[in-house]
């Protein structure tokens, strides 16, 4: 985990250029490069800086931490938290664990795909939403469930998808 005193904010959508982002990444790498288990915190912070983990950043991290690129890329590929593709400002995760699946999770996913015009792993053209699948949120008794960012929505009905997404569109419009 990143240091509690360090703020990790996404710079995606800002005008910060790559040089500035890599300068910030170098500061982080100086702090973590010799720490046991430092790779994951560095990747978390890098994803916060860039909004995702571009290949150029992965190579940079591997070089600065004196690790093979395959190790760095392997960690990124193993953990679903990490993304090598730009994500939307709101990440929707649909639970397809057993309880959610049996109680209509697949239909909820299909409704989201139709509403957003994207598939799992994709981001809407306007960069408002990204769609992912998860296995369990621990809300099995209130299935099916979805998470939008840190908000858990329970007993989701496919017919209510527009209603659930509306506040997130409204937030985007207010921030623009």
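In the UniProt record's numbering, the protein residues as written are 1 to 176.
Note that CB positions come from ideal geometry on N, CA and C, so glycine has one too.
Around the beta carbon of residue 80, fewer than 16 other beta carbons lie within 10 angstroms, which makes this residue exposed.
The residues 128, 129, 148, 149, 168, in chain order, have a CB closer than 7 Å to that of residue 90 in the same chain once the five nearest residues on each side in sequence are set aside. Here the C-alpha atom of residue 21 lies approximately 44 Å from the C-alpha atom of residue 102.
Taking the CA atoms as reference points, residue 108 sits about 45 Å from residue 34. Between residue 77 and residue 123, the CB-CB gap reaches or exceeds 7 Å.
Residue burial is scored here from C-beta neighbours: residue 70 has fewer than 16 other C-beta atoms within 10 angstroms and is therefore classed as exposed. Residue 115: member of the alpha helix (DSSP H) spanning 105-116, first to last residue. Between residue 158 and residue 111 the beta-carbon gap is near 4 Å, inside 8 Å, which marks them as a contact. If you look at residue 70, you'll find it in the alpha helix (DSSP H) that goes 69-78. Classified as exposed, residue 117 has fewer than 16 neighbouring CB atoms from the shown chains inside 10 Å of its CB.
Excluding its 5 nearest sequence neighbours in each direction, residue 100 has C-beta neighbours in its own chain below 7 Å: 143, 144, 145, listed in chain order.
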